[in-house]
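Have a look at the structure below before the remarks.
Residue numbers (this note's numbering): 33 to 440.
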């Protein structure tokens, strides 16, 4: 087995994008090369300086040059925290290591390079969607949001499918992809301003979601799109039959009722929704909505504890001294959090810690989803002062759970 030091880990050049894409396909067990069309599309939106690869010059190749045996990419992102403030995030994706080169520290080397660059840029956190649970905890990531899917048995709902939808003075209109690209960004901005865990969407995201851009490797199924307009005539919600958003309560109720009223439809599958979604309780019989999936979703790695804790809001007043353990990263230290409805201050301190926890566990608390009392019971956080975990819960937990609607 070759020594990892003999494998060069670095950012790729533009001329290496096609080779990088081939290695990515191999790492994800997708046989064959990407088409020239898909490579061109990839080249148009990736950032070479944030696209890493591991080159093994010890593997002989007939064409010469060192093959790529691991891939890693990041891009700029905004993540909404509790209270609606967006913070700059380092979004990580396209992580792969070829099966022949596992257990050689390649992911560790790529991750270290990327997180160091993210910290230098001033990103508050790094984010990713974890394909496998055990991998990313060792790099300081923790699951900060969860997602759920329901299958609605329409005949069982108890809804009167003959009543007009909506019945609140609003209306529902079918629209096309161009309308979605016009209306959708503003609706999503309204969503993410009030939804902790949501991330920004680029113009390219909307083009992919509506078929304006169609990579060969991502077959596009034509979709129906419907817009809910309130009594004022303003668009307040948007739904695609296979990809949906979260709306205000009136729009949400009307659009779910609309989907459940379509002739011939007996089952509505929701796609990824918030784990405390209101849908089941919009139905006269909530049991008609059967939970078919529940999983961790957005993972967060805190890079700057002070900025992360000061970016969010707090519903109750309190003071807590945290000892954050981050053996190989920038977030370790002791911090005094003094927060309340009127403001927040987080400062490094030498005071005695009241609660000690790894940086990955702090990430699970940061957006309000996890309980410090639960973490203490699991041995994943340690109370240095009795009752400190309850104080942390009072400060950090939120009445509604965070949710990230997107995958990246």
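All C-beta atoms, glycine included, are put in the ideal place defined by N, C-alpha and C. Given the structure is predicted, the values throughout are model-derived calculations rather than measurements.
Segment limits, beta strand (DSSP E) that includes residue i
i           : result
residue 272 : 267-272
residue 260 : 257-261
residue 290 : Residue 290 -> not in any beta strand (DSSP E); alpha helix (DSSP H) instead, spanning 281-293.
residue 338 : Taken as a continuous stretch (DSSP letters only), residue 338 belongs to no beta strand (DSSP E), being part of the alpha helix (DSSP H) at 337-343.
residue 388 : 387-390
residue 205 : 203-207
Residue(s) in a DSSP beta bridge with residue i
i           : result
residue 350 : 371
residue 253 : Residue 253 is not bridged to any residue.
residue 247 : Residue 247 is not bridged to any residue.
residue 161 : 330
residue 305 : 180
Where residue i sits in the DSSP three-state scheme
i           : result
residue 298 : coil
residue 182 : strand
residue 242 : helix
residue 189 : coil
residue 356 : strand
residue 424 : helix
residue 364 : coil
residue 318 : helix
residue 430 : coil
residue 40  : strand
residue 212 : helix
residue 414 : strand
residue 438 : coil
residue 169 : helix
residue 323 : strand
residue 312 : helix
residue 197 : coil
residue 381 : coil
Residue i versus the options, residue with shortest Cα-Cα distance
i           : options               : result
residue 152 : 381, 374 and 361      : 361
residue 157 : 372, 383, 337 and 184 : 337
residue 224 : 320, 392 and 306      : 306
residue 137 : 325, 103, 191 and 109 : 103
residue 73  : 290, 50 and 267       : 50
residue 316 : 89, 188 and 63        : 188
residue 436 : 262, 226 and 367      : 226
residue 309 : 117, 359 and 182      : 182
residue 110 : 206, 168 and 221      : 221
residue 395 : 145, 75, 172 and 54   : 172
residue 339 : 376, 350 and 329      : 376
residue 240 : 38, 439, 434 and 40   : 439
residue 98  : 294, 39 and 414       : 39
residue 230 : 200, 332, 86 and 256  : 332
residue 260 : 209, 268 and 254      : 268
residue 345 : 370, 392 and 82       : 370
First and last residue of the uninterrupted alpha helix (DSSP H) at residue i
i           : result
residue 405 : 404-409
residue 150 : 138-153
* What are the complete alpha helix (DSSP H) segments, minimum 4 residues, inside the stretch 46-131? -> 49-59 and 68-77
* Note down, one range per segment and in chain order, each alpha helix (DSSP H) of at least 4 residues found wholly within the stretch 215-240. => none
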